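Residue 310 is where the sequence shown starts when you use my numbering, and the numbers rise one by one after that.
Each residue gets a CB set at the ideal place from its N, CA and C atoms; glycine is no exception.
None of these values were measured; they are calculated from a predicted model.
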Amino acid sequence: MKTPPSRRILAIETSCDETAIAILEASEEKNGTHFNILADKVSSQIAVHAPFGGVVPNLAKREHQKNLSQILLLVLKEAGFSNFKMQIPRHKQIANSKIQAMEKILERETELLKEFKKQIIPLPSPPIDAIAVTYGPGLEPALWVGINFARALSKLWNLPLTPVNHLEGHIYSSMMRNFKFQIPRDKEIFPLLTLIVSGGHTELVLTKTHLSHKILGETHDDAAGEAFDKVAKMLGLSYPGGPEISKRAIYGSPTSIDFPRPMLHSKDLNFSFSGLKTSVLYYLRDAGKISDQTKNDIAASFQQAAIDVLVKKTLDAVKKYKPKAIGLGGGVAANNLLRAELKENIPKIMLPEKIFTGDNASMITTAAYFHLQKKIPRSGTRPGAALKANGALRLS
Ligand code: KG4
Ligand code: ZN
């Protein structure tokens with residue numbers, strides 16, 4: 310049997326405060342799908358949002374508009390797809406109707422349209438087979454910028470357009486390695502259990518086969534990352550708070566304050582973090598002015614309480630569903646204590662490399678590959694097809 314040709318996919322991710330684009334090449338081999346990351350760029354907006362203590366949607370939208378064309382140029386260059394010294398002014402050869410269609414797609418992104426016409430339209434078409442884009446969940450004003458940019462690109466280069474669920478990206482991230490990795494054959498990884506822990510989500514997900522998911526449990530209120538961020542804010546630490554809490558926790562005692570472990574013994578696989586967050590608030594209110602050491606102790610004790618629940622529920626899910634493989638994904642997956650405790654309790658768990666824990670476009674490209682493989686009839690696979698952002702998109 311002839312092996313099908315490899316596919317090159319470019320994906321765009323703008324669901325929150327990172328502007329990210331990646332190009333991956335995928336091929337089917339005997340032992341699974343092989344991926345090669347040809348280029349991967351992430352531009353973080355942390356400095357823009359930090360003064361506000363959190364992500365401001367309209368600022369995120371503006372930054373994505375400003376960054377996308379520039380990042381695309383960098384990514385094409387990194388992949389070796391363009392000779393930028395020899396740009397031919399190709400727009401003269403492009404039909405007027407096509408230019409008008411792209412102007413229409415980007416009519417609400419005036420700044421992006423200007424850059425797109427100046428920098429992107431003149432480029433020679435790169436050797437890419439498909440464009441993918443995150444269409445949810447996330448901040449809708451931010452998602453729309455990426456979607457419209459992807460639509461305009463797919464129109465310009467006449468390529469199919471594939472919408473991807475951001476959380477599917479986080480699911481694949483536990484199997485991704487820099488710069489080459491392999492996703493094993495179905496029978497070796499499915500059913501796959503993934504603990505997704507990010508700024509917006511805390512979910513235990515069972516994936517029966519590629520792109521077929523069931524949410525086994527999720528948070529009733531705050532996401533784990535959100536709780537880290539809010540507690541950090543109470544302690545006067547900078548945004549995003551997750552990494553700040555974990556740094557402080559190294560110097561604190563995790564047993565010094567007995568914060569609650571919400572829903573630790575509930576029979577289901579759901580989570581709740583708002584009560585834990587409120588306990589920290591009350592502790593601080595009663596304590597008055599606190600020393601630096603107390604701050605470290607609060608960080609360590611809070612972190613331990615949150616992680617105890619995450620690990621216990623993941624273990625419960627492993628016992629109940631006996632998955633073939635287990636993974637961790639999302640921004641909070643960068644937390645060293647969470648990684649260590651999960652590994653100790655579930656030795657076969659796949660931990661994402663730190664470069665893939667936060668939002669990135671390589672994970673979106675990987676998920677997009679399986680969408681393209683499945684050839685599910687989906688709205689929006691035509692070049693330039695209309696796609697809608699869905700801020701509350703779910704996995705099942
Ligand atoms: O996946 P992500 O980059 O964005 C979303 O899709 O939400 O996750 C960001 C979240 C933030 O809440 C951030 O504070 C948290 O991940 N985070 C951490 C750590 N690094 C990032 N939380 C705990 N410990 C960390 N080391
Ligand atoms: Zn994310």
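The beta carbon of Ala451 sits closer than 8 Å to those of Thr323, Ser324, Cys325, Asp326, Pro366, Ala369, Lys370 and His373, all from its chain and outside the five residues before and after it, given in chain order. Exposed is the label assigned to Pro569, since fewer than 16 other Cβ atoms lie within 10 Å of its Cβ. Looking at the DSSP output, Glu512 sits in a beta bridge with Ile505 and Glu527. Here Asp495 has Thr518 and His519 as same chain residues with Cβ atoms under 8 Å from its own Cβ, once five neighbours each way along the sequence are excluded. Gln602: member of the alpha helix (DSSP H) spanning Asp601 to Tyr630, first to last residue.
About 6 Å separates the beta carbons of Ala615 and Ala536, which is inside the 8 Å limit, making them a contact pair. Counting of Cβ neighbours within 10 angstroms places Ser555 among the buried residues, the total reaching 16 or more. The beta carbons of Ile437 and Leu468 sit about 6 Å from each other, so the pair counts as a contact at 8 Å. Put simply, the backbone Cα of Leu385 is about 19 Å away from that of Ser353.
Taken atom to atom, the span from the alpha-carbon of Pro435 to that of Pro549 is near 36 Å. DSSP, reduced to helix, strand and coil, places Met543 within a helical segment of the structure shown. The beta carbon of Asn645 lies closer than 7 Å to those of Ser555 in the same chain, with the five residues before and after it left out. Within the DSSP secondary-structure output, Arg317 pairs in a beta bridge with Glu334. For the pair Thr623 and Leu448, the CB atoms are not nearer than the 8 Å cut-off. If you compare the alpha carbons of Arg316, Tyr678, Ala634 and Glu477 with that of Asp668, the shortest gap goes to Glu477. Taking Gly640 as the centre and dropping the five residues before and after it, the same chain places the C-beta of Ser507, Gly508, Gly534, Gly551, Thr666 and Gly667 closer than 7 Å to its C-beta, in chain order.
With a threshold of 7 Å, the Cβ atom of Glu653 does not count as near the ligand KG4, since no heavy atom of the ligand is closer than that. Minimum Cα-Cα distance from Ile332 among the listed residues Met572, Pro500, Tyr560 and Ala439 corresponds to Ala439.
Closest in C-alpha terms to Arg703, from the list Glu338, Gly445 and Asn376, comes Gly445.
Collapsing the DSSP output to three states places Ile655 in coil. Beta-bridge partners of Glu322 (DSSP): Ala329. Closer than 7 Å to some heavy atom of the ligand ZN: that does not describe the Cβ of Ser482.
Taking a cut-off of 5 Å from the heavy atoms of the ligand ZN, the residues with a C-beta inside it are Ser507 and Asp668. Residue pairing by DSSP puts Phe344 in a beta bridge opposite Ala335 and Phe490. Per DSSP, Ala634 is one residue of the beta strand (DSSP E) stretching across Ala634 to Gly638.
The three-state reading of DSSP puts Ala404 in coil, since its state is none of H, G, I, E or B.
Sequence-distant Cβ neighbours of Ile655 in its own chain, meaning closer than 8 Å and more than five residues away, are Thr623, Leu624, Val627 and Ile635.
Here the segment 332-352 makes contact with the segment 476-490; the two share three or more CB pairs at distances below 8 Å. For Ile440, there is no enclosing alpha helix (DSSP H); the residue is found in the beta strand (DSSP E) stretching over Ala439 to Gly445. Burial state of His574 is exposed, judged by a 10 Å Cβ sphere holding fewer than 16 other Cβ atoms. Per DSSP, Leu578 lies in no beta strand (DSSP E) segment and is marked neither H nor E.
Within a 10 Å sphere around the beta-carbon of Ile330 sit 16 or more other beta-carbons, which makes this residue buried.
Here the alpha carbon of Thr674 sits roughly 31 Å from the alpha carbon of Asn405. Counting of Cβ neighbours within 10 angstroms places Ala701 among the exposed residues, the total staying below 16.
Distance from the C-beta of Asp349 to the nearest heavy atom of the ligand KG4 is not below 7 Å. When distances are taken from the beta-carbon of Ser555 to the heavy atoms of the ligand KG4, the shortest one is below 7 Å.
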